[in-house]
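Okay, so here's the structure we're looking at.
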Amino acid sequence: MPINMRFRFSPTKDGLVKVLGPLETEIMQILWQDDRSTVKKVHRRLSSEREIAYTTVMTTMSRLSEKGVLNRHREGLAYIYSPAISENDFVSMVVRQVLDGLLDDYSDTAVDYMVDYLARNNPAELRRLQKVIQARTAA
Numbered sequence: 000m001p002i003n004m005r006f007r008f009s010p011t012k013d014g015l016v017k018v019l020g021p022l023e024t025e026i027m028q029i030l031w032q033d034d035r036s037t038v039k040k041v042h043r044r045l046s047s048e049r050e051i052a053y054t055t056v057m058t059t060m061s062r063l064s065e066k067g068v069l070n071r072h073r074e075g076l077a078y079i080y081s082p083a084i085s086e087n088d089f090v091s092m093v094v095r096q097v098l099d100g101l102l103d104d105y106s107d108t109a110v111d112y113m114v115d116y117l118a119r120n121n122p123a124e125l126r127r128l129q130k131v132i133q134a135r136t137a138a
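Heads up: the sequence shown begins at 0 in numbering that gives the first Met the number 0, then just goes up one per residue.
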């Protein structure tokens, strides 16, 4: 099943919560760690840290399955969920979508800002970017 994820990008939030909700992020982190699980097991893990309704976990996992981020299949009476995409591939997909959108609409501004940002905050990454550009243009 292809991923049909339309996400909201919240740049002020941390990590994957920028694109997934907090609960979606927690659930995905559990499944990326465990590789497969049931709603019951995920609920048990989450409820050990806070109060959360079983139906909330079930609905969220079902929606992640509908979005194509989780696979779901029935084993006996329970649905087994597993990640449809690795965490690294998911992060790469999100970065591509965000950058594609910015570069399609605001190319000059996005590139200028990225270079200025790296010069101020991460000169080593700016040097790496320069080497990547030189390698690509030399080929």
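The C-beta atom is built at its ideal place from N, Cα and C for all residues, glycine as well. Given the structure is predicted, the values throughout are model-derived calculations rather than measurements.
Query - Cβ contact (3+ pairs, closer than 8 Å) linking the segment 69-83 and the segment 30-42 - result: yes
**Report entry** Where serine 36 sits in the DSSP three-state scheme
**Finding:** strand
Query - Between the CA atoms of alanine 52 and glutamate 74 - distance to the nearest angstrom - result: 23 Å
Query raised in the report: Do threonine 54 and leucine 22 have their C-beta atoms closer together than 8 Å?
Result: no
Report task. Taking only the alpha-carbon atoms, compute the straight-line gap between methionine 0 and serine 61 and give it to the nearest angstrom. Result -> With a pLDDT of only 43 at methionine 0, under the threshold of 50, the placement of this residue in the model should not be trusted; the figure read from the coordinates follows. Going by the C-alpha atoms only, they are around 14 Å apart.
Query - glutamine 133 versus leucine 125: straight-line alpha-carbon distance, rounded - result: 12 Å
Query raised in the report: Mapping DSSP to helix, strand and coil, what is proline 10?
Result: coil
**Report entry** Same chain, Cβ closer than 8 Å to serine 85, five either side skipped, listed in chain order
**Finding:** Trp31
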